[in-house]
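The structure appears below as structure tokens.
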Amino acid sequence: MSGAGALNEVRAWLAAAQQPGGVVVLTGAGMSAESGIPTFRDAMHGLWSRFDPTALASEAGFRADPARVWQWYAERRAGVRAAQPNAGHRALADFARRHPGVLTLVTQNVDDLHARAGQPEVLPLHGDILQDRWLDPCPHPPQACTPGPAPEDAGPPRCVICGNRLRPGVVWFGETLPPEVLRAAEDAVRRCRLLLVVGTSGAVWPAAGLAGLGRRAGATVVVLNPQPSDIDGEARLCLRGTAAQLLPPLLAENPEMD
Ligand code: OAD
Numbered sequence: 592m593s594g595a596g597a598l599n600e601v602r603a604w605l606a607a608a609q610q611p612g613g614v615v616v617l618t619g620a621g622m623s624a625e626s627g628i629p630t631f632r633d634a635m636h637g638l639w640s641r642f643d644p645t646a647l648a649s650e651a652g653f654r655a656d657p658a659r660v661w662q663w664y665a666e667r668r669a670g671v672r673a674a675q676p677n678a679g680h681r682a683l684a685d686f687a688r689r690h691p692g693v694l695t696l697v698t699q700n701v702d703d704l705h706a707r708a709g710q711p712e713v714l715p716l717h718g719d720i721l722q723d724r725w726l727d728p729c730p731h732p733p734q735a736c737t738p739g740p741a742p743e744d745a746g747p748p749r750c751v752i753c754g755n756r757l758r759p760g761v762v763w764f765g766e767t768l769p770p771e772v773l774r775a776a777e778d779a780v781r782r783c784r785l786l787l788v789v790g791t792s793g794a795v796w797p798a799a800g801l802a803g804l805g806r807r808a809g810a811t812v813v814v815l816n817p818q819p820s821d822i823d824g825e826a827r828l829c830l831r832g833t834a835a836q837l838l839p840p841l842l843a844e845n846p847e848m849d
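Those letters in the sequence shown? Residues 592 to 849, per my numbering, in order.
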């Protein structure tokens, strides 16, 4: 469903959800698509239609070929650094600033575009592509692992003491989400009155389960996506359009709310 009538209906739900923690927004890769960052499952341009996720987004794949995976992430990091927040990111951040404490932003995205748009707080379910962490627990405490210089094969730097490798600070397939972030997201979704689900296929769990969790707890769920998604069934309304098209008019100042 799209058009001014549907948008106005969601604006009315937004006005009614004006209370601390009243609104949760869950974003996926589609949120950053108009900033030039590719999504994962688009048939033509999606990362997983061009690259093998088992080789590039799993611990086993990294251990099998650390240099290849590290270089792939270096290219993605460069893409993120070159990208700019789009009108959708900015609309969310502006809304959060105008309504302190109302909106909780939960994202599956590993880019920093919400933060760069000025979003006061973000719950990053899948980590942060611009951060590194150690592949293995440090085996020589109390001395911490210490990164050496970048190796000649352009692979990940290694600890000068034990050879441990740095890896990207993202959640890979088969790994658990940061428990405190997931818990905070679940709590927020259970508490909210309106849950906006923006730009996600709903194919990856447990993130996808947040929509159903919110609906069962009594939230009105609205999906914003130009295409059908796996979690449309949880939604009271699906707005068909892009994040940068839909979010600015949806979140624009409203005399009833501002
Ligand atoms: P997907 O690539 O699975 O889905 C992207 C969604 O965005 C699709 O439903 C598109 O229709 C929609 N979309 C495309 N352009 C859009 C736009 N301009 N505005 C709004 N929506 C748009 O990405 P995710 O659902 O985020 O995991 O994928 C979930 C996880 O799978 C990712 O976090 C990643 C990946 O493997 C990790 O990195 C751990």
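Even glycine gets a Cβ: it sits at the ideal position worked out from N, Cα and C.
Please read all numbers here as calculations on a predicted model, not as lab measurements.
Would you list the residues sitting across from residue i in a DSSP beta bridge?
i, result
"S649", "F764"
"T618", "T698, V789"
"D719", "G760"
"C736", "Beta-bridge pairing links C736 to no other residue."
"W576", "This structure cannot settle anything about residue 576, because the visible part of the chain is limited to 592 through 849."
"R831", "R831 is not bridged to any residue."
"L714", "V697"
Can you check whether the CB of residue j is closer than 8 Å to the CB of residue i?
i, j, result
"L815", "V772", "no"
"L726", "R758", "yes"
"P644", "P747", "no"
"L830", "A684", "no"
"A835", "G679", "yes"
"V701", "V615", "no"
"L768", "P797", "yes"
"A648", "W763", "yes"
"A808", "R781", "yes"
"G621", "G790", "yes"
"G612", "A776", "no"
"L828", "A682", "no"
"R707", "P742", "no"
"D703", "V671", "yes"
"P629", "G619", "no"
Is residue i near the ligand OAD, with its Cβ less than 7 Å from a heavy atom?
i, result
"N816", "yes"
"F642", "no"
"A674", "no"
"S792", "yes"
"D823", "no"
"D723", "no"
"G621", "yes"
"S820", "yes"
"R831", "no"
"F653", "no"
"Q609", "no"
"H717", "yes"
Kindly indicate the opening and closing residues of the beta strand (DSSP E) around residue i.
i, result
"D778", "Where D778 is concerned, there is no enclosing beta strand (DSSP E), although the alpha helix (DSSP H) it sits in stretches over 770–782."
"V814", "811–815"
Compare the C-beta of residue i with all C-beta atoms of chain B and state if any pair is closer than 8 Å.
i, result
"I752", "You won't find chain B in this structure, because it holds only one protein chain."
Starting from residue i, trace the alpha helix (DSSP H) in both directions and tell me its first and last residue.
i, result
"V660", "657–673"
"V693", "Taken as a continuous stretch (DSSP letters only), V693 belongs to no alpha helix (DSSP H), as it is neither H nor E."
"G596", "595–607"
"G612", "From DSSP, G612 is part of no alpha helix (DSSP H); its letter is neither H nor E."
"H851", "Given a span of 592 to 849 for the chain in the structure shown, any question on residue 851 remains unanswerable."
"R807", "800–807"
"A706", "704–707"
Cβ contact (3+ pairs, closer than 8 Å) linking the segment 731–741 and the segment 752–766: Touching, per the Cβ criterion.
Contact between the segment 781–798 and the segment 598–615 (3+ Cβ pairs under 8 Å): The segment 781–798 is in contact with the segment 598–615.
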